[in-house]
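What follows is a short report on a single structure.
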Amino acid sequence: GLCIAHLGHLHHLLTQDHLEALGRIDVVLAPVDGSYTLDLEGMVETLKAINAPLVIPMHYFSTWGLDRFLARLGKEYEITRSATPTVTLSRETLPGKPTVLVLPGR
Numbered sequence: 015g016l017c018i019a020h021l022g023h024l025h026h027l028l029t030q031d032h033l034e035a036l037g038r039i040d041v042v043l044a045p046v047d048g049s050y051t052l053d054l055e056g057m058v059e060t061l062k063a064i065n066a067p068l069v070i071p072m073h074y075f076s077t078w079g080l081d082r083f084l085a086r087l088g089k090e091y092e093i094t095r096s097a098t099p100t101v102t103l104s105r106e107t108l109p110g111k112p113t114v115l116v117l118p119g120r
């Protein structure tokens, strides 16, 4: 099965102990507002440490916040935008390169 991490309102960087407790993560739901959660650089550091094949951004209140996040990760991650607000995933269909999947809505 898939291992999915929902980072919620994460306010701190993850320690090595946190990362070991999480184990393998396939999909990360990442808050990217940068105000009620980690700032942009902290979230990028956290996502790199988790190293999941798929990141789905959430909790952004404007396209500015999302665009800033995508611009920062676009150098190292593929950026894909879904036409629909749902997605079907399996371990077999996970991307081979780290990817950010943007779903419509927020």
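To convert, take the position in the sequence shown, counting from 1, and add 14; that gives our numbering. Virtual Cβ for every residue (Gly too), placed ideally from N, Cα, C. Keep in mind the model is a prediction, meaning the values are calculated, not measured.
* With respect to the alpha helix (DSSP H) encompassing H90, which residues constitute its N-terminal and C-terminal limits? -> Rather than His, the amino acid found at residue 90 in this sequence is Glu. Element bounds for E90: n/a, residue is neither H nor E.
* Report the residue from G37, Q30, D31 whose alpha carbon sits nearest the alpha carbon of L16. => G37
* Bridge partners of L115, per DSSP? -> T94
* To do: Please report the residue range of the beta strand (DSSP E) in which H20 lies.
  => Counting along the chain, the beta strand (DSSP E) containing H20 begins and ends at 18–20.
* Asked: Which residues in the same chain have their Cβ closer than 8 Å to the Cβ of A119, if we skip the five residues on either side of it in sequence?
  -> With the sequence shown as reference, residue 119 is identified as Gly, and Ala is not the correct amino acid for it. These residues qualify, in order along the chain: P99.
* Would you give the residue range spanned by the beta strand (DSSP E) that A44 belongs to? => 41–45
* **Span separating the alpha-carbon of D47 from that of L54** => 8 Å
* Under 8 Å between C-beta atoms of P71 and E92 -> no
* Cα-Cα separation, T101 to R86 -> First, the amino acid is wrong: residue 101 is Val here, not Thr. Near 24 Å, if we compare the C-alpha coordinates of R86 and V101.
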